[in-house]
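Q:
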Amino acid sequence: MQTSLENDKIAELKKYISDISGKTDKPESYLIAVLHRAQNLFGYLNREVMDEIAVIMNIPASHIWGVATFYHYFKLKPQGRHSISICLGTACYVKGAGNILEAVKKELGIGLGETTEDGLFSLHEARCLGACGLAPVVMIDDKIYGELTTQKITEIISGYRKSNRKSKEG
Ligand code: FES
Numbered sequence: 174m175q176t177s178l179e180n181d182k183i184a185e186l187k188k189y190i191s192d193i194s195g196k197t198d199k200p201e202s203y204l205i206a207v208l209h210r211a212q213n214l215f216g217y218l219n220r221e222v223m224d225e226i227a228v229i230m231n232i233p234a235s236h237i238w239g240v241a242t243f244y245h246y247f248k249l250k251p252q253g254r255h256s257i258s259i260c261l262g263t264a265c266y267v268k269g270a271g272n273i274l275e276a277v278k279k280e281l282g283i284g285l286g287e288t289t290e291d292g293l294f295s296l297h298e299a300r301c302l303g304a305c306g307l308a309p310v311v312m313i314d315d316k317i318y319g320e321l322t323t324q325k326i327t328e329i330i331s332g333y334r335k336s337n338r339k340s341k342e343g
């Protein structure tokens, strides 16, 4: 059953679609913008939200699903509070990104595309974060960490855990 909070979000999404649809009569041309908005509202794109969009926009749900799964940007599962993206682009890879990835997987106990049980971290891979000079690079939320070692990234993750604990206590 949908909560009133979710109903509010659906209402907001409907309004967004109604506003944007006035600008063109081709729903396909603004589908990505709508999915973007839905992800901002709900945190990720679940099946119910995509079905809802399909009905509102009169587009087959299978098409919406195809678009959402094609773009790496769209998340289909609940995401952790912090998003960790490990750059596996060439420059980072030759500087040991594979080892960084293994260290992070071990530290968090999850694989790529997964979220920790406490809901604190989600782990993703990236293809060049545009900071090759600092390789190997990891992005956490919107912050870039460069010239990493396995020890440094483990310490950085511990720092996020500590500040999360403090914000809960405070
Ligand atoms: S390859 Fe990692 S930042 Fe460019």
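Sequential numbering from 174 applies to the sequence shown in our numbering.
C-beta atoms are modelled at their ideal positions from N, C-alpha and C, and glycine is treated no differently.
Pick helix, strand or coil for L249, following the three-state DSSP scheme.
A: Correct three-state label for L249: coil.
Q: Would you say P159 and C260 are within 8 Å of each other, going by their C-beta atoms?
A: The structure shown does not extend to residue 159, since the chain spans only 174 to 343, so no value can be given for it.
Q: From the DSSP output, read off the bridge partner residues of S258.
A: BP columns for S258 point to H297 and M312.
Q: Determine the DSSP secondary structure at I317, reduced to helix, strand or coil.
A: Strand, per DSSP.
Q: Confirm the yes/no value for this check: CB of L285, any heavy atom of the ligand FES, distance under 7 Å.
A: No, the ligand FES has no heavy atom inside 7 Å of this Cβ.
Q: Look at M230 and I190 and say whether their C-beta atoms are less than 8 Å apart.
A: Their beta carbons are under 8 Å apart, which means M230 touches I190 by this criterion.
Q: Please tell me whether Q212 and F247 are closer than 8 Å, where the distance is taken between their beta carbons.
A: Taking 8 Å as the Cβ cut-off, Q212 and F247 qualify as a contacting pair.
Q: Suppose contacts are defined by Cβ-Cβ distances below 8 Å. Is T289 in contact with G262 by that definition?
A: No, Cβ-Cβ distance for T289 and G262 is not below 8 Å.
Q: Determine the direct distance from the alpha carbon of I183 to that of L218, and round the result to whole angstroms.
A: So the alpha carbons of these two residues sit roughly 12 Å apart.
Q: Let me know the alpha helix (DSSP H) ranges lying completely inside the region 259-291, each 4 residues or longer, listed in chain order.
A: If we require 4 residues or more, the alpha helix (DSSP H) runs fully inside the region 259-291 come out as 263-267 and 270-281.
Q: For A276 versus T327, is the C-beta spacing smaller than 8 Å?
A: Contact: yes.
Q: Which stretch, first to last residue, makes up the alpha helix (DSSP H) that contains A206?
A: From DSSP, the alpha helix (DSSP H) with A206 extends over P200 to F215.
Q: Is the beta carbon of S331 less than 8 Å from the beta carbon of H297?
A: Not in contact: S331 and H297 (Cβ atoms no closer than 8 Å).
Q: Identify whether I330 lies in helix, strand or coil by the three-state DSSP scheme.
A: In this structure, I330 counts as helix in the three-state DSSP scheme.
Q: What separation, rounded to the nearest whole angstrom, lies between the Cα atoms of D181 and K188?
A: About 11 Å.
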